[in-house]
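Engineer: Just so we're aligned, residue 0 is where the sequence shown starts under numbering that gives the first Met the number 0, counting upward by one.
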Amino acid sequence: MTGGDRRGRITVVGLGPGAARQMTPEAAAAVEAADLVFGYAPYLARLPERPGQERRPSDNREEIARASAALDAAVAGARVAMVSGGDPGVFAMAAAVCEAIEHGPEAWRALDFEVVPGVTAMLAVAARCGAPLGHDFCALSLSDNLKPWALVEKRLLLAAEAGFVIALYNPISRARPWQLGRAFALLRERLAGNVPVVFGRAAGREDERITLATLAEADPAQADMATCVIIGTTDTRIVPRPGLPPLVYAPRSADRPAPRAEGESAPRAGEEPVSPVEESAP
């Protein structure tokens, strides 16, 4: 595993939402180059076995302990990959490793450290149904394991009031069965009942399930921990397609008239025409 004075390093790697084709080449190369791979056991199970590479699985509630063990191994000279599902910087292990480095021994700060991004759940779900994140949006975790539920409620209400599309991570689990229902109840106080809600489970995997509902009828039972929930706004558009799933998208402009279809008349005097919106850089 180690040899001579070889300098250890730690790379935090995003595996994407689950399908092998959605892992980036950079992420695959980072995992392949590692002597030791740390991660939540189901994430490690996604990876092919490699001769000479050791895996150290752990429970999903042991993030700081996992990060500390990985950093110790890197200090000892190993090339370590710490894997996360989705993107490691979105409610995942990159922050846990940074937190461990901040509070740990000085040797951890001297390590070569890199984060390799991945496709996070809300992007995978959005891509499967259109472009619901096409305008301003935010992401919130409904887990209150690391923050008080009162703070979750405050952020939900403020995001709804500000008009953000909201992507909900960690919506429900056996240990937290009521939070998503409570979140829907709170949002119904601020948003119209016809606001679209997308339940995206296991996007891109064989057991994928994408379901469209309205906020008024959204049922928490449609979600589990493999689900990302995207809650639109009153501006979110649904485009019916005969025999095909509808498209859900957020217009790229706000507080402007909708773009004209071919053949529609020009704006009347005093109306403001819609100007093109530049596509953001990736």
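We put the CB at the ideal spot given by N, CA and C, even for glycine. As the structure is a computational prediction, the values presented were derived from the model and not from experiment.
Note down the Cα distance separating residue 42 from residue 254, rounded to an integer number of angstroms.
Structural biologist: In the sequence shown, counting from the first residue as 1, residue 42 sits at position 43. In the sequence shown, counting from the first residue as 1, residue 254 sits at position 255. Cα to Cα, the separation comes out at about 42 Å.
Engineer: If you follow the alpha helix (DSSP H) that residue 90 is part of, which residue opens it and which one closes it?
Structural biologist: Here the question's residue 90 lines up with position 91 in the sequence shown. Note, residue 90: premise wrong, no alpha helix (DSSP H); not H, not E.
Engineer: Would you identify the three-state DSSP class for residue 56, choosing helix, strand or coil?
Structural biologist: To locate residue 56, count along the sequence shown from 1; it is residue 57. If DSSP states are grouped into helix, strand and coil, residue 56 belongs with the strands.
Engineer: For residue 154, report the span of its beta strand (DSSP E) as first-last.
Structural biologist: Start at 1 with the first residue of the sequence shown, and residue 154 comes out as number 155. Residue 154 -> not in any beta strand (DSSP E); alpha helix (DSSP H) instead, spanning 148-161.
Engineer: Does the beta-carbon of residue 305 have 16 or more other beta-carbons within 10 angstroms, so that it is buried, or is it exposed?
Structural biologist: Residue 305 lies beyond the stretch modelled for the chain, which goes from 0 to 281, so this question has no answer here.
Engineer: Which residues in the same chain have their Cβ closer than 7 Å to the Cβ of residue 226, if we skip the five residues on either side of it in sequence?
Structural biologist: Position 227 of the sequence shown, counting from 1, holds the residue named residue 226. Once the five neighbours on either side are set aside, the close Cβ partners of residue 226 are 170, 198, 199, 200.
Engineer: Is the closest heavy atom of the ligand ADP to the C-beta of residue 235 under 6 Å?
Structural biologist: Absence of the ligand ADP is noted for the structure shown, with no ligands found whatsoever.
Engineer: Using DSSP with H/G/I as helix, E/B as strand and the rest coil, what is residue 243?
Structural biologist: Counting from one through the sequence shown, the residue named residue 243 turns up at place 244. If DSSP states are grouped into helix, strand and coil, residue 243 belongs with the strands.
Engineer: In terms of residue numbering, what span does the beta strand (DSSP E) encompassing residue 199 cover?
Structural biologist: Within the sequence shown, numbered from 1, the residue matching residue 199 stands at position 200. Per DSSP, residue 199 belongs to the beta strand (DSSP E) from 195-200.
Engineer: With C-beta atoms as the reference, is residue 180 less than 7 Å away from residue 215?
Structural biologist: Here residue 180 refers to the residue found at position 181 when the sequence shown is read from its first residue. Here residue 215 refers to the residue found at position 216 when the sequence shown is read from its first residue. Not a contact, by the Cβ cut-off of 7 Å.
Engineer: Taking only three categories from DSSP, how would you classify residue 78?
Structural biologist: Taking the first residue of the sequence shown as 1, we reach residue 78 at position 79. Here residue 78 sits in strand by DSSP.
Engineer: Count the other CB atoms within 10 Å of the CB of residue 107; is the residue buried (16 or more) or exposed (fewer)?
Structural biologist: Along the sequence shown, read from residue 1 onward, the residue named residue 107 stands at position 108. Answer is buried; the Cβ neighbour count reaches 16.
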